[in-house]
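Enquirer: First residue of the sequence shown: 238, per our numbering; consecutive thereafter. All residues carry an ideal CB built from backbone N, CA and C; glycine is no exception.
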Amino acid sequence: MDRVLAIESSCDDCAAAVLTMDGTVLSNVIYTQIEEHAPFGGVVPEVAARSHLEKISVVVSQALDEAAGSGHPRQCGDSSEFKITKVAVTTHPGLVGALLVGAMFAKGFAQAQGCEIIGINHLEGHLMAGSNLDAFPSSPYIALIVSGGHTALYKIGGDGRDPLHHELLGDTRDDAAGEAFDKVAKMLGLGYPGGKVVDELAQIGDATRFKFPRALRGKETLDFSFSGLKTSVRYLIRDLEKEHGCIDAQTRNDICAGMREAVADILIRKSVQACKREGIRFLVLGGGVAANSLLRDRASKLAADEGIEAFVPPRKYCTDNAVMIGLAGIARFKRGESSDLFALGVSSRA
Ligand code: KG4
Ligand code: ZN
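(1) Nearest to Val297 by alpha carbon, out of Lys320, Ile267, Gly279?
(2) Nearest-angstrom Cα distance between Gln440 and Glu480?
(3) Please identify the residue among Asp491, Glu546, Asn529 whose C-alpha is closest to the C-alpha of Val509.
(4) On the three-state DSSP scale, how would you describe Leu554?
(5) Could you pull out every residue in the same chain whose Cβ sits closer than 6 Å to the Cβ of Leu438, ignoring the five residues on either side in sequence?
(6) Sorry if obvious, but does the Cβ on Phe418 come closer than 7 Å to a heavy atom of the ligand KG4?
(7) Can you give me the start and stop residues for the beta strand (DSSP E) that Ile267 sits inside?
(8) Does the region 387-396 come into contact with the region 464-483, if we say contact requires no fewer than three beta-carbon pairs (one atom in each stretch) closer than 8 Å?
(9) CB-CB under 6 Å to Asn265, same chain, minus the five flanking residues each way: which ones, in chain order?
(10) State yes or no: is the C-beta of Gly432 within less than 8 Å of the C-beta of Tyr554?
(11) Quick check on DSSP: helix, strand or coil for Arg398?
(12) Assuming Val338 contacts His289 (C-beta within less than 8 Å), just tell me the rounded distance between them.
(13) Which one or two residues does DSSP pair with Asp250 in a beta bridge?
(14) So Ile517 and Pro377 are in contact, right, with Cβ under 8 Å, and what is the actual spacing, rounded?
(15) Determine the direct distance from the alpha carbon of Lys320 to that of Phe449, and round the result to whole angstroms.
(16) Go through its chain and collect everything with a Cβ distance to Ser575's Cβ below 7 Å, but skip five positions before and after it.
(17) Per DSSP, what are the beta-bridge partners of Phe519 in this structure?
(18) Below 8 Å between beta carbons: does that hold for Arg535 and Ala580?
(19) Measure the beta-carbon distance from Ile293 to Phe342 and round it to whole angstroms, keeping in mind my assumption that it falls under 8 Å.
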């Protein structure tokens with residue numbers, strides 16, 4: 238039975254997974270470099286590349302071992318030996334040095350084992366993160382991909398022939414949503430990356446105390462802009478510090494709550510606007526920010542409020558992982574696609 242090894246190394250997570258061609262996950266290993274980048278307050282490309290180089294073989298070996306020990310072949314009545322026949326690897330967009338480590342490892346593995354290989358767009362990975370689940374809609378649907386580097390709305394499969402065909406409907410004009418969370422976290426001294434901790438503190442904050450701007454709200458465009466929100470938080474912190482000397486814990490939590498409310502509100506509004514404009518009632522969310530509690534909650538209410546069925550992947554598959562790369566690879570392998578082993582390269586651009 239075909240088994241797919243998936244590798245993701247586009248940024249600060251070194252990840253490998255093994256899946257069967259029907260999308261069953263046999264292993265999912267992630268080594269996160271967060272602690273290595275934390276002293277710098279953000280991802281340092283050289284540190285990322287070197288760390289991937291140190292960890293990639295350990296991470297892949299662990300993914301292979303866990304998959305081999307998963308008992309899956311026997312459960313399925315499949316007596317064939319455990320063998321990887323296909324490799325899916327992130328080739329773009331991302332940090333070139335980091336991508337190169339994963340791609341070169343994948344090429345070496347594929348060459349040695351005689352596997353088919355396919356290069357995957359990281360954003361398509363985020364899009365396909367829950368495609369092995371029954372609730373995942375068939376195309377056409379609208380996709381909102383919200384991560385540390387991207388915030389974009391797509392129409393997927395809108396041409397009626399190709400379920401992976403994507404049309405960009407809206408993009409961020411400045412910061413990505415995840416970047417906005419990270420920058421606000423930094424201003425509040427909450428470390429890096431900040432999305433998760435801002436989300437947690439927002440849960441115990443009052444979202445009505447501070448109102449932050451929702452750029453491009455009410456405008457026809459499906460683009461986003463988060464730099465005004467970031468600046469508004471910066472000025473508020475400056476003014477509060479001037480007035481009180483410091484920011485107390487409750488005020489910090491209220492800022493997190495107000496900021497999260499503004500981001501979730503505009504993301505949901507623009508997604509609904511896209512669905513209505515395109516006459517499509519299915520929405521798929523993906524990317525690290527799709528792990529956000531408020532965004533997930535608002536998405537779950539769209540069916541009752543707007544007649545839009547929203548699909549959000551399980552949290553662990555929203556932030557970077559290799560399972561999503563494997564699922565995107567499976568979708569493409571099933572269409573008969575693969576990459577040329579020797580020509581396969583990487584790119585920083587989408
Ligand atoms: O998709 P991802 O893991 O990496 C990129 O491709 O960028 O996304 C990482 C981003 C970071 O900016 C992080 O702060 C944000 O996702 N993030 C969150 C949450 N968990 C991660 N943002 C808001 N709420 C969360 N719970
Ligand atoms: Zn990502």
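Expert: So, from the data block:
(1) What you label residue 297 is simply residue 60 of the sequence shown in a count that begins at 1. Of the listed residues, the one whose Cα sits closest to Val297 is Ile267.
(2) Looking up residue 440 in the sequence shown gives position 203. Looking up residue 480 in the sequence shown gives position 243. So the two alpha carbons sit approximately 26 Å from each other.
(3) Taking the first residue of the sequence shown as 1, we reach residue 509 at position 272. When only C-alpha atoms are compared, the closest one is Glu546.
(4) Along the sequence shown, one-based indexing puts residue 554 at 317. Position check: residue 554 holds Tyr in this sequence, whereas Leu was assumed. Of the three classes helix, strand and coil, the one that applies to Tyr554 here is helix, per DSSP.
(5) Numbered from 1 along the sequence shown, position 201 holds the residue referred to as residue 438. Contacts found: Asn490, Cys493.
(6) Counting from one through the sequence shown, the residue named residue 418 turns up at place 181. Phe418: yes, Cβ under 7 Å from the ligand KG4.
(7) For this step, residue 267 is matched to residue 30 along the sequence shown. Ile267 -> beta strand (DSSP E) spans 262-269.
(8) no
(9) As a first step, residue 265 must be located in the sequence shown, where it is residue number 28. Same-chain partners within the cutoff: Ala254, Val560.
(10) Taking the first residue of the sequence shown as position 1, residue 432 is located at position 195. Taking the first residue of the sequence shown as position 1, residue 554 is located at position 317. Not in contact: Gly432 and Tyr554 (Cβ atoms no closer than 8 Å).
(11) Stepping through the sequence shown from its first residue, residue 398 is reached at position 161. Reduced to three states, the DSSP call for Arg398 is coil.
(12) As a first step, residue 338 is located in the sequence shown; it is residue number 101 there, counting from the start. As a first step, residue 289 is located in the sequence shown; it is residue number 52 there, counting from the start. With 8 Å as the limit, Val338 and His289 qualify as a contact, their Cβ atoms being about 4 Å apart.
(13) For the purposes of this step, residue 250 is taken as residue 13 along the sequence shown, with counting starting at 1. Asp250 is bridged to Thr269.
(14) Sequence index remark: in the sequence shown, residue 517 carries index 280 (1-based). Sequence index remark: in the sequence shown, residue 377 carries index 140 (1-based). Between Pro377 and Ile517 the Cβ distance is about 6 Å, and since that is below 8 Å, they are a contact.
(15) Here residue 449 refers to the residue found at position 212 when the sequence shown is read from its first residue. Here residue 320 refers to the residue found at position 83 when the sequence shown is read from its first residue. The alpha-carbon atoms of Phe449 and Lys320 are separated by roughly 53 Å.
(16) Here residue 575 refers to the residue found at position 338 of the sequence shown. Only Glu353, Ile354, Ile355 meet the Cβ criterion.
(17) Working through the sequence shown from its first residue, we reach residue 519 at position 282. Paired residues: Glu546.
(18) Counting from 1 along the sequence shown, the entry for residue 535 is found at position 298. Counting from 1 along the sequence shown, the entry for residue 580 is found at position 343. The answer is no: Cβ separation not under 8 Å.
(19) Reading the sequence shown from its first residue, position 56 is the one you call residue 293. Reading the sequence shown from its first residue, position 105 is the one you call residue 342. Indeed they touch by this definition, with Cβ atoms about 5 Å apart.
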